[in-house]
């Protein structure tokens, strides 16, 4: 029996299950290595924007099963909705056993207030042109597919992985400004509301930084993603840290720790497929 790390709180976001860019096996390895009291799934866990019943690999199903198993074993699982899984917002404030679905969450951690949300509400491109954001999402998926081929070649030659999207983001001034503006707006609002921590995702940029303005200070935290960065946030002993899978491979932990009984999970995916199709039909009727 392998010893798991006990963690008070874990935050993951932007997993994008159901897309080619998702690295479910790495996430499973991480989840199998920890024993959290509370798990926050901070948006874009299942990518309904690009959802297809023709592509949902076994490893992706196992991630969902892992979440359910953790909840059944006493872990409090809080699912915060994002833009790619926005169809779940109609179920906000629903509780099923140890699982709750919310749009945002405020928790008290050792006497300090923490504000959790995905972050898409602060994205102007989504609020004003959702179709453009969705188009960009498909472009990002193609880029991650190309990146997988590049990394397969690099790893076969014994070289380190390379992130094309990260390189592009860091080199394009507009992308850098967008990220900086996003972080500033969120931090300023958290300070205004008196939150000690503000925890988000959405932009696939893991970060932990103290922000101080004339109005006050807060700690800005972003959990990153499981498409290119493979990161999570962990809170333990009154401290936060950004966990990086690339720095801690966790090789002793197997992705196959759970059994292969996935029938119930496949029913969940089938239900999501039906809901997704109905949403698309509803939007098409509104546009007609």
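Residue numbers (this note's numbering): 3 to 290.
The beta-carbon is built from N, C-alpha and C at its ideal position, and this holds for glycine as well.
Own chain residues within Cβ distance below 7 angstroms of residue 215, not counting five before or after
190, 193
Simplified DSSP assignment, three categories, for residue 182:
helix
Spell out the partners DSSP gives residue 209 in its beta bridges.
Beta-bridge pairing links residue 209 to 224.
Over the uninterrupted alpha helix (DSSP H) stretch that includes residue 66, give me the two end residues.
60 to 74
I'd like the list of long-range same chain contacts for residue 19, defined as Cβ closer than 8 angstroms, with 5 residues on each side in sequence excluded.
26, 47, 48, 49, 58, 62, 65, 66
Can you pull the DSSP bridge partners for residue 201?
Among the bridge pairs identified by DSSP, residue 201 is matched with 118, 223.
Excluding the 5 residues preceding and the 5 following residue 110 in the sequence, name in chain order all residues of the same chain whose CB lies nearer than 8 angstroms to its CB.
116
Option in 208, 101, 217 with minimal Cα separation from residue 226
Across the set 208, 101, 217, the C-alpha of 208 shows the shortest separation from the C-alpha of residue 226.
Tell me whether residue 114 is buried or exposed, calling it buried when 16 or more other Cβ atoms sit within 10 Å of its Cβ.
By the neighbour-count rule (16 or more Cβ atoms within 10 Å), residue 114 is not buried but exposed.
Excluding the 5 residues flanking residue 248 on each side, which residues of the same chain have their C-beta closer than 6 angstroms to its C-beta?
232
Distance between residue 98 and residue 174 (C-alpha atoms, nearest Å):
Reliability of the predicted coordinates at residue 174 is poor, the pLDDT of 45 falling under 50, and no value is obtained from them.
Return helix, strand or coil for residue 2, following the three-state DSSP convention.
Outside the displayed range of the chain (3 to 290) lies residue 2, so it cannot be described from this structure.
DSSP on residue 47, reduced to helix/strand/coil?
coil
Please look up how many angstroms separate the CB atoms of residue 82 and residue 104, rounded, as I've assumed it's under 8 angstroms.
The C-beta distance from residue 82 to residue 104 rounds to 6 angstroms, short enough to fall under 8 angstroms.
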